[in-house]
Amino acid sequence: MLRRRITLILSSSLQNVQIYNKPIKISQPIFTSSPKIQSLEFSQHPISSIAPNGSLGRQFQHYQGMRKAYSLLSLNDLQDNKGARKQKTRKGRGIGSGKGKTAGRGHKGQKARGTHKFGFEGGQTPLRRRLPKRGFKNPFSLEFQPVGLGKIAKLINAGKIDSSELITMKTLKDSAAIGKQIGDGVRLMGRGAEHIQWPIHLEVSRVTARAKAAVEAAGGTVRRVHYNKLGLRALLKPEWFEKKGRLLPRPARPPPKLKEKVDSIGRLPAPTKPIPFAAEETEAMSAAPA
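If you read the sequence shown in UniProt numbering, its first letter stands for residue 1, the second for the next number, and so on.
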């Protein structure tokens, strides 16, 4: 309909329009459906020379208004191509849909019922049972979070740890040397031991032989202390007990199988001064005047 109206307007009004001074011949037809305007000549003159009150001016203004009113593309005409969106099949909603009652599953049988459980292979031995078991989970194992001497030295140089005071597991946690999930304690590793050039005193759960030798060579001490789960919480978060209105628990003794792996019982609240070892106490007593 739009093409027919444009064809009628152009055939009746634009045959003698002069738009430019130089005539231009149109070799191909504008609209194949209208043989009247297949060959037109346009002279070059400005469009402003068309009188608005003449017949040609009125037709041209009508053509412009119709062009605005009948746009070939507008926002309210936007839509997907046919077949771009497939309509969802609603099953079990009546026999008229063709997918009602049994919903396309047929009558009875395994496929008409629910799904099988994960790992089921139709009755044959599943893969999880064909492969042998490997290893086991030790319920008595302890997990310690490692921290290297190089990291501690870096934090001391940055001013986050005071080397003149006792370095406990709470000190390491507050200075972000270790993460929040400590587990059963902290294990001191010997990574970066060459950076320890001043005496430091530490209290951790476990320590490697290399780390202990490096700390003692610099004039410091490392003590292995025992904390159970409740004691470790009281050491790291004493404010939790205060918030609940509870007293700090008493330090727990290590079990018999761990007595040889620790040097002393952990102290609560977090200590600030190290405890001298028995050998150091003996030397101090022997050096004292009688």
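For each residue, glycine too, the CB sits at the ideal point set by N, CA and C.
Taking the straight line between their C-alpha atoms, what separation do you get for residue i and residue j?
i    : j    : result
I275 : R134 : 45 Å
A103 : T125 : 32 Å
K91  : S141 : 54 Å
K86  : Q79  : 14 Å
G83  : T89  : 15 Å
A218 : P254 : 29 Å
V225 : P132 : 40 Å
D77  : S97  : 31 Å
K101 : E121 : 29 Å
I152 : E242 : 30 Å
L72  : R93  : 42 Å
T171 : G123 : 58 Å
Can you give me the start and stop residues for the beta strand (DSSP E) that residue i sits inside?
i    : result
P238 : Segment P238 to K243 is the alpha helix (DSSP H) holding P238; no beta strand (DSSP E) there.
G148 : Q145 to G148
R223 : T221 to H226
L202 : H201 to V204
Less than 7 Å between the C-beta atoms of residue i and residue j, yes or no?
i           : j    : result
P271        : L166 : yes
A112        : G106 : yes
residue 295 : L188 : The structure shown does not extend to residue 295, since the chain spans only 1 to 290, so no value can be given for it.
Y227        : G183 : no
A193        : L258 : no
L248        : A234 : yes
G220        : H195 : no
I186        : M169 : A quick correction: the sequence has Val, not Ile, at residue 186. Yes, they are a contact pair.
I156        : S164 : no
T208        : G190 : yes
S175        : K160 : yes
Tell me, please, which residues DSSP counts as bridged to residue i.
i    : result
G185 : Answer is none; G185 lacks a bridge partner.
I156 : Note: I156 sits in no beta bridge, so no partner.
S163 : None, per the DSSP bridge assignment.
I265 : H226
Mind checking which residues open and close the alpha helix (DSSP H) that includes residue i?
i    : result
V215 : A209 to A217
L172 : M169 to D174
L127 : L127 to R130
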